[in-house]
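**Q** Attaching a single structure in structure tokens format; questions to follow.
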Amino acid sequence: MTTTPEQDRFPEQDPTPGVDGTVPQLSAPEHPATAATRGDAGHADDARVGNADAPGNTSEPVGTDWPTSTEGLSPGERYVVELLRRTPAPESALNRLHGRLEADAGGRGAVDIAYTTVGTPVGVLLLASTEQGLVRVAYDVEDHDRVLQTLADALSPRILRVPGRLAVPVRQVQEYFARERTSFDLPLDLALSRGFRRDVQRRLLDIAYGSTRSYTEVAALVGSPKAVRAVGSACSTNPLPVVVPCHRVLRSDGTLGGYIGGLAAKTALLELEQAA
Amino acid sequence: MSTTPPFERVVSEHGATVLRVCRAVLGSHADAEDAWSDTFVAALSAWPSLERGANVQAWLVTIAHRKALDLVRARGRRAVPVEHALEPPGHQEPDDDEVAALRTALAALPDKQRRVLAYHYLGGLPYADIAALVGGTPEAARRAAADGRRSLRTTLSREDAR
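If you read the protein sequences in the order shown, they are chains A and B. Number 81 in the numbering used here belongs to position 81 of the first sequence; there are no gaps in the numbering. Number 75 in the numbering used here belongs to position 75 of the second sequence; there are no gaps in the numbering.
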């Protein structure tokens, strides 16, 4: 084939000029409102594909070469099929498309949980947010894939990596680790905890930067002085470590107790706050 | 316990396949990217209600088929005018000559043959499922694939001979 680059670049297209006198570009990024209108029109159809008799719901597996084996084809036809399979889907295009999906889906409220990751002195933290606010902070050691699956099970599987929706929490976490911030100013979503644990976690927000409390003291603070052990489990199941400062709760004898991010992380946070 | 994975995993596992299918069906990379995005936005909405154990890739290819049709209808033109089967500026990715020749040959196929080939060989759909999408019998879809393969082979060997 011998098309010239000029032909490649100037495909014949609708010559109708746009309002501003320019010819609409084939590749023009589309206005979010346009995308929303068009996508909504297709929604009724989309719901149907989940039906049991829809073709997408066959139980047959899709293997790499099943059901599309090239056995029995002539060499020429096999070449054609192999060439078809060689058509590229480059990483660069997929990254660009992911960004577009973030904009298209996020703008339409289809993403229930947005997440991103941020590197810190205590490892890579996963930050996840609902419409209500930050819902989960997770340490590396918790296994981010598992954490995301837990979020899918507990809240919604409409989970997408949308760093743009986490820009504010990310910045505040970075400031905290840079000792430029002593308290977080973020809407929080405590949907992952209930009852007594949630009460305790909410109360932990009152423990000031650089100070510590014992589990016993926190139990008294929440009005259940005998529930020391329950306070311990409220701390160890804190869905928002770092931001909800369970690291500031120690044993009465001053030893660390446990920590969801590991004791080294707890020590690091306490030292960071002392040094400030 | 049956669980639904986070949708992000669907994108990372099937994004490339859906892009290949969209590119093969629509030709133009810009149109293919519109269809890809429409497909995943729609899939994200429907994701929690998809039956457990459903074939996710086949489900996505089905949505992509509908989104590609929507695009073609909305733009009121045939699926792949050959002139549009080329990259707009700013989106160039080097195709090797063989792949470029294949794209042109694909664009020249009748819509049904092109779709059947894409859904079968790139999307992994069995002919019975494809027939449900493009109409006709599974046998007719199988024949369309055979006609398409032969036609591509003929076109490409003519290219070679030049």
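Note that CB positions come from ideal geometry on N, CA and C, so glycine has one too. Model, not experiment: these values are computed from the prediction.
Say whether chain A places a C-beta atom closer than 8 Å to the C-beta of B:Ala24.
**A** Counting from one through the second sequence, the residue named residue 24 of chain B turns up at place 24. Yes, B:Ala24 counts as interfacial toward chain A.
**Q** According to the neighbour-count rule (16 or more other Cβ atoms, all chains shown, within 10 Å of its Cβ), is A:Phe10 buried or exposed?
**A** Counting from one through the first sequence, the residue named residue 10 of chain A turns up at place 10. Caution applies to A:Phe10, whose pLDDT of 33 falls short of 50 and renders its modelled position unreliable; the value that the coordinates give is listed next. Its Cβ having fewer than 16 others within 10 Å, A:Phe10 is exposed.
**Q** Below 8 Å, how does it come out for the segment 95 to 115 of chain A and the segment 20 to 30 of chain B: are there three or more Cβ pairs, yes or no?
**A** no
**Q** Determine, using beta carbons only, whether A:Tyr115 and A:Leu126 come nearer to each other than 8 Å.
**A** Within the first sequence, the letter at position 115 stands for residue 115 of chain A. Within the first sequence, the letter at position 126 stands for residue 126 of chain A. Taking 8 Å as the Cβ cut-off, A:Tyr115 and A:Leu126 qualify as a contacting pair.
**Q** Answer yes or no: do B:Leu122 and B:Arg114 have a C-beta to C-beta separation smaller than 8 Å?
**A** Locating residue 122 of chain B in the second sequence gives position 122, where the first residue counts as 1. Locating residue 114 of chain B in the second sequence gives position 114, where the first residue counts as 1. No, the Cβ-Cβ distance between B:Leu122 and B:Arg114 is not below 8 Å.
**Q** Using a C-beta cutoff of 8 Å, does B:Glu8 count as contacting chain A?
**A** Indexing the second sequence from 1 puts residue 8 of chain B at position 8. Cβ-Cβ to chain A under 8 Å: yes for B:Glu8.
**Q** Quick one: list the residues of chain A neighbouring B:Gly136, beta-carbon separation under 8 Å, in chain order.
**A** As a position in the second sequence, residue 136 of chain B is number 136, starting the count at 1. The contacting residues do not exist; B:Gly136 stays about 13 Å from chain A at best.
**Q** On the premise that A:Pro239 lies in contact with A:Arg136, defined as a C-beta separation below 8 Å, what is that separation, rounded to the nearest angstrom?
**A** What you label residue 136 of chain A is simply residue 136 of the first sequence in a count that begins at 1. What you label residue 239 of chain A is simply residue 239 of the first sequence in a count that begins at 1. Yes, A:Arg136 and A:Pro239 are in contact; Cβ-Cβ is about 5 Å, under 8 Å.
**Q** Can you list the residues of chain B that A:Arg198 reaches, using a CB-CB cut of under 7 Å?
**A** The residue labelled residue 198 of chain A in the question sits at position 198 within the first sequence. None at all; the shortest Cβ gap to chain B is about 24 Å.
**Q** A:Asp46 to B:His65, Cα distance in whole Å?
**A** Stepping through the first sequence from its first residue, residue 46 of chain A is reached at position 46. Stepping through the second sequence from its first residue, residue 65 of chain B is reached at position 65. Annotation note: pLDDT 38 at A:Asp46 (below 50); position unreliable, no value reported.
**Q** In terms of alpha-carbon separation, which member of A:Asp199, A:Arg248 and A:Leu256 lies closest to A:Ala230?
**A** By 1-based counting over the first sequence, the position of residue 230 of chain A is 230. Measuring from the Cα of A:Ala230, the nearest candidate turns out to be A:Asp199.
**Q** Which residues in the same chain have their Cβ closer than 6 Å to the Cβ of B:Ala68, if we skip the five residues on either side of it in sequence?
**A** Within the second sequence, the letter at position 68 stands for residue 68 of chain B. Correct list, in chain order: Val25, Leu26 and Ala35.
**Q** Residues in the same chain with beta-carbon distance under 8 Å from A:Thr22, minus the five sequence neighbours each way, listed in chain order, please.
**A** For the purposes of this step, residue 22 of chain A is identified with residue 22 of the first sequence, where counting begins at 1. Note that A:Thr22 scores 36 on pLDDT, short of 50, meaning its location in the model is unreliable and no value can be drawn from it.
**Q** Please report whether the beta-carbon of B:Gly15 lies at a distance below 8 Å from any beta-carbon of chain A.
**A** If you number the second sequence from 1, residue 15 of chain B lands on position 15. So yes, B:Gly15 belongs to the interface.
**Q** List the endpoints of the continuous beta strand (DSSP E) containing A:Ser129.
**A** The sequence position of residue 129 of chain A within the first sequence is 129, counting from 1. Counting along the chain, the beta strand (DSSP E) containing A:Ser129 begins and ends at Gly123 to Ser129.
**Q** Distance check for B:Arg153 and A:Gly76, CA to CA, integer angstroms please.
**A** Mapped onto the first sequence, residue 76 of chain A falls at position 76. Mapped onto the second sequence, residue 153 of chain B falls at position 153. Spanning the two alpha carbons is a distance of roughly 6 Å.
**Q** In the structure shown, what three-state DSSP assignment does B:Ser12 receive?
**A** Locating residue 12 of chain B in the second sequence gives position 12, where the first residue counts as 1. Of the three classes helix, strand and coil, the one that applies to B:Ser12 here is helix, per DSSP.
**Q** Can you tell me the Cα-Cα spacing of B:Pro48 and A:Ala191, whole angstroms?
**A** Locating residue 48 of chain B in the second sequence gives position 48, counting from the first residue. Locating residue 191 of chain A in the first sequence gives position 191, counting from the first residue. For B:Pro48 and A:Ala191, the distance between alpha carbons rounds to 19 Å.
**Q** Are the beta-carbon atoms of A:Gly261 and A:Tyr79 separated by less than 8 Å?
**A** On the first sequence, position 261 is the one that residue 261 of chain A refers to. On the first sequence, position 79 is the one that residue 79 of chain A refers to. No, the Cβ-Cβ distance between A:Gly261 and A:Tyr79 is not below 8 Å.
**Q** Should A:Ser129 go down as buried or exposed, given a rule of 16 or more other Cβ atoms within 10 Å for buried?
**A** The count along the first sequence starts at 1 and reaches residue 129 of chain A at position 129. The residue in question, A:Ser129, is buried, as its Cβ has 16 or more Cβ neighbours within 10 Å.
**Q** Could you check whether the segment 146 to 153 of chain A touches the segment 202 to 216 of chain A, counting it as contact only if at least three pairs of C-beta atoms, one from each stretch, sit closer than 8 Å?
**A** no
**Q** Cβ atoms of B:Leu19 and B:Leu102: under 8 Å apart, would you say?
**A** Position 102 of the second sequence, counted from the start, is the residue given in the question as residue 102 of chain B. Position 19 of the second sequence, counted from the start, is the residue given in the question as residue 19 of chain B. Against a cut-off of 8 Å, the Cβ pair of B:Leu19 and B:Leu102 comes out as no contact.
**Q** Is A:Asp143 close to chain B, meaning its C-beta is less than 8 Å from at least one C-beta of that chain?
**A** For the purposes of this step, residue 143 of chain A is identified with residue 143 of the first sequence, where counting begins at 1. No, because no Cβ of chain B sits closer than 8 Å to the Cβ of A:Asp143.
**Q** Going by DSSP, what residue range makes up the beta strand (DSSP E) through A:Ile284?
**A** Residue coverage of chain A in this structure runs from 1 to 276, which leaves residue 284 of chain A outside it and unanswerable.
**Q** Taking A:Leu166 as the reference, give the member of A:Ser252, A:Pro90, A:Gly106 and A:Ser211 with the closest Cα.
**A** On the first sequence, residue 166 of chain A is found 166 positions in, with the first residue counted as 1. Out of A:Ser252, A:Pro90, A:Gly106 and A:Ser211, A:Gly106 has the C-alpha closest to the C-alpha of A:Leu166.
**Q** So, with DSSP's three-state summary, where would you put A:Ile113?
**A** As a working mapping, residue 113 of chain A is identified with position 113 in the first sequence. Three-state DSSP puts A:Ile113 in a strand.
**Q** Along the chain, where does the beta strand (DSSP E) containing B:Ile130 start, and where does it finish?
**A** As a working note, residue 130 of chain B is residue 130 in the second sequence. Segment Tyr127 to Val134 is the alpha helix (DSSP H) holding B:Ile130; no beta strand (DSSP E) there.
**Q** Where does A:Val173 fall in DSSP's three states?
**A** As a position in the first sequence, residue 173 of chain A is number 173, starting the count at 1. DSSP places A:Val173 in helix when its eight states are reduced to three.
**Q** What residues of chain B sit near A:Glu77, judged by a beta carbon separation below 9 Å?
**A** Along the first sequence, read from residue 1 onward, the residue named residue 77 of chain A stands at position 77. Residues of chain B whose Cβ lies closer than 9 Å to the Cβ of A:Glu77 are, in chain order, Ala146, Arg149, Arg150, Leu152 and Arg153.
**Q** Put B:Ala105 into one of helix, strand or coil per three-state DSSP.
**A** As a position in the second sequence, residue 105 of chain B is number 105, starting the count at 1. B:Ala105 falls in the helix class under three-state DSSP.
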